[in-house]
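Notes follow the structure.
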Amino acid sequence: MERVKQPLIHITKRAPMPLWKALCIRAGAVLLALIVCAIFISASAPKQKGFFGYFGSLFTGVFGTERRFLLFLQDTALLLCVALALVVAFRMKFWNLGGNGQVLMGCLACAMCMYYLGGKWADGWVCLLMFFASVAAGALWAVIPAVFKAFFNTNESLFTLMMNYVALNLVAFFITHWYPTGTGAMPPLEDANLPTFGSGVAGRVLPVVLVAVIVTAAIYCYLRFSKHGYEISLIGDSKNTARYAGINVKKVVIRTLVLSGALCGLVGFLLVGSINHMVSTTMDDNMGFTGIMVAWMGKFDPLIMTGVAFFIIFLSRGMGQVCTDFGFTSEALSDIVVGLIYFFFIGCEFFIVYKVHFNFRPRAARAQPAFEMNGESAHKAAEGESPSKDGTQNEPAMSEAAPLIAEDAATMSEGAKTADVPSMSEGNPEAEPPPRTRRAKNGGNKEGK
Amino acid sequence: MDTFFANAISFGVIFLFGCVGEILTERSGHLNLGIPGIMCVGAAGGCLGVKLAAMPTDGANGFLVVLSGILFAMLFAGILGAVYAFLTVSLRCNQNVTGLAVTIFGVGFTSFFINNVVMTEGVSTALSFAGQNFFNAHIPGIEALGWFGTVFLSHGALVYLAIAIAVAAAVVLRYTKAGLNLRAVGENPATADAVGINVTGYKYTFTVLGAAIAGLGGLCYVMGYMSGIVGSNVDQTIQGIGWLSIALVIFTLWKPAFSILGSIVFGILYILSSRITGISFEQIPLLNLVPYVVTILVLIVTSIVGHRETQPPASLGLSYFREDR
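Chains A and B, in that order, are what the protein sequence lines are. Okay, so the first sequence: first residue is 1 according to this note's numbering, each after it adds one. Okay, so the second sequence: first residue is 1001 according to this note's numbering, each after it adds one.
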């Protein structure tokens, strides 16, 4: 018998995986990534602190002092807010890559209010205006691409990307405009700072964390329980279905992006009004991009995203300490580590959705069918088929189907089905859904003698 | 004025490398948002290659230095491109997310690599020596040709390499069977697969090749335009150039031949702010945002016009799984 030429690697889709198994795969991927990073760092570090010293440094970098821990909370809160802002758009499959620009515009609007009105109006009024200006500026930066996406189907991912750089240059313009003789940096403004709860770092961090908690809860409810949230998910799944259900897709796209941009603007408001009291071109800290990763890794679910945001900030802040402890001069190490984590995490999704079969020994595979269910049903299908004359005419090897490996049998039954009776599946309901195997090439013809 | 256009061309080819690389990638149906990171890594690899070949400056062979820079830039960028290709082609991950991860990793890696591995004692002088004498070496005696010589013939090897690659890419895409197959893969991989085209093979080949070409853009910036002067924020600058290169793909409607002109236009717009005399300090950022605004306008216009020839490849951004229906 001629041997079937089989691809070495064969990929099929899995049935939905139980949650604990999926979580195990993800945890394994992250662990693997951390170990790879640890090996890389301990191999290339100028100062040796041993393999486990790396993990120790990570923890002291984040939880070592009260100040570090508070900054860790603050960064997480800000990143989470940006990620939540983006996730409402992502649920709609609107790729808002403009988080950086929207945050920067929020920062800029806030700083403008502080610069022009600080000291002239009462602080309370300025703060109120700062809030509205930031939110409006962020929303404006998101709604421009949204309008063109809604009406002309303009590519939103590139549009929002370009808007990032427009925002960046606008910020640079205003800084040089306000401080023409300076070095391009802006000194912190004294007036119209947001009130703090108590003194020190804790007083500054607390409002930010509070805002993040409120935003997380609000977005969770908005996406989960509100009609708007449902409309967003529906548009994400199928625009045509949404249109058929009577949803005004254009309106929802624009409305959602206003919300998305407004939340980014809110982050800008917090960054300038509460934390920095000035604006710079790098103030967004690339949170727009990191937020995309957080949203994606968090499966677009606000609660999982909270955990992911904690993890990412844990790594990037912890890496600062690792750099000092291991004698690296460049802080960019944290980007490498976080990037590696992304690769592993993105890659592991594949193993949750798909299953990989290796066909090293085709004969041995016969003893253990790769597909229990499909194999059996195909078996039945093949047996039911073999007496039929026209079936055997088209597929001469049909009667030999039973001892073949399950996949091939499944493939052949599929071939016989198409060749013989189109409504085969009605007589044999187990054969549905059709086996997801390599039926694309040529049915079972090659198996013939 | 002659020098201005010469500078515009020598800057524009950086975009050209990135743009042609991205066109080849996008024609296979993959929107590689990792191009900025890949260009950065190309710069890092190129610096390493130049360092290895040019370190004893007095005995260095100019040809070997340039070749080593090109090979290492393509190797580094190609490896990162292969990571992207593995994640998106084989593991079928979301292309936007993977691309951004590649960018984040690539930019961080470049900053780290250049500071910690490449820039050891005496390397910066070797790099600038190689940049000035080897990468920007031009045909002697072109000053006699007047403006023509200054604008078109006063460039280093990388500029001509970029234009040669763009022309080659245009010819391959338009007139060869491989190009036809590639376009088929980008438009409708299922149909291409049915015809018997090796979809996975084409996607891998052109994603990695596109990344390698884009990586030359990073090398071209550091060694060509900057003449080997590696600034502290080189990774951020190249990242900005990388995003513009991706935008240029749309500007040139996915055609490598157009991209030669488009990249020069972008080069003019990009260096405008630093070359115009008589503008104040605060107007520089306003001029800097012109290329981005122009790109946005082109995006809008092409989407409104909606002509078939101006549309992206139909399956751009979608993963292909043969057994999906």
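Cβ coordinates follow ideal geometry from the N, Cα and C atoms, glycine included. The structure presented is a predicted model; accordingly, all values stated were derived computationally and were not measured.
- When 7 Å is used as the limit between beta carbons, P180 of chain A is near these residues of chain B: F1281, E1282, in chain order.
- Among the residues facing chain B, F343 of chain A is included, as its CB has a counterpart in that chain under 8 Å away.
- From the beta-carbon of E1121 of chain B, no residue of chain A is found nearer than 9 Å; the closest lies around 14 Å away.
- In the structure shown, the three-state DSSP call for F300 of chain A is coil.
- Between L1299 of chain B and L158 of chain A, the CB-CB gap stays under 8 Å.
- Contact annotation: in the region 278–295 of chain A, residues whose CB is within less than 7 Å of a CB in chain B are F289, I292, M293.
- At a cut-off of 8 Å between C-beta atoms, D325 of chain A does not count as an interface residue with respect to chain B.
- Counting only residues of its own chain and dropping the five nearest sequence neighbours on each side, L129 of chain A has a CB closer than 6 Å to the CB of C113.
- Contact check for I1104 of chain B against A1044 of chain B fails: the beta carbons are separated by 8 Å or more.
- With its beta carbon at least 8 Å from every one in chain A, C1040 of chain B lies outside the interface.
- According to the DSSP assignment, K93 of chain A belongs to no beta strand (DSSP E), since it is labelled neither H nor E.
- Taking 8 Å as the upper bound for CB-CB distance, I1213 of chain B and F1076 of chain B are not in contact here, some 13 Å apart.
- Using a 10 angstroms sphere on the CB of K1051 of chain B, the tally of other CB atoms reaches 16 or more, which defines it as buried.
- T1200 of chain B and H1030 of chain B have their C-alpha atoms roughly 12 Å apart.
- In the structure shown, V356 of chain A falls within a strand segment according to DSSP collapsed to helix, strand and coil.
- DSSP places I1009 of chain B in the uninterrupted alpha helix (DSSP H) bounded by 1002–1027.
- With three or more CB-CB distances shorter than 8 Å, the region 1073–1089 of chain B counts as touching the region 1192–1210 of chain B.
- S1010 of chain B sits buried, since 16 or more C-beta atoms from the chains shown fall within 10 Å of its C-beta.
- Counting C-beta pairs with one atom in each stretch, the region 32–47 of chain A and the region 317–330 of chain A have three or more that are closer than 8 Å, which means they touch.
- Among the residues of chain A, those whose CB is under 7 Å from the CB of R1092 of chain B are F350, following chain order.
- Among the residues facing chain A, P1285 of chain B is included, as its CB has a counterpart in that chain under 8 Å away.
- Between the region 349–357 of chain A and the region 72–82 of chain A there are fewer than three C-beta pairs closer than 8 Å, too few to call the two in contact.
- Pairing N100 of chain A with A89 of chain A gives a Cβ-Cβ distance that is not under 8 Å.
- Taken in chain order, the unbroken stretches of alpha helix (DSSP H) that lie wholly in the region 287–352 of chain A and span 4 residues or more are 287–297, 302–326.
- Annotation: the continuous alpha helix (DSSP H) that includes H228 of chain A extends over 227–237.
- A Cβ-Cβ contact shorter than 8 Å links V1020 of chain B with S1259 of chain B.
- Comparing alpha carbon positions, the residue from A:L8, A:W20, A:T154, A:R26 closest to I346 of chain A is A:R26.
- With fewer than three CB-CB distances shorter than 8 Å, the region 1238–1245 of chain B does not count as touching the region 1173–1184 of chain B.
- Here the alpha carbon of F59 of chain A sits roughly 15 Å from the alpha carbon of V337 of chain A.
- When DSSP reads this structure, K13 of chain A sits in a beta bridge with A:Y354.
- Excluding its 5 nearest sequence neighbours in each direction, Y220 of chain A has C-beta neighbours in its own chain below 6 Å: P302, listed in chain order.
- In this structure, V1222 of chain B sits away from K1203 of chain B, with a CB-CB distance that is not shorter than 8 Å.
- Between the alpha carbons of W125 of chain A and G273 of chain A lies a distance of about 13 Å.
- Annotation: Cβ neighbours of G1240 of chain B in chain A (cutoff 9 Å, chain order): Y165, L168.
- Look at K93 of chain A: its C-beta is not under 8 Å from any C-beta on chain B.
- If you look at T1205 of chain B, you'll find it in the alpha helix (DSSP H) that goes 1199–1219.
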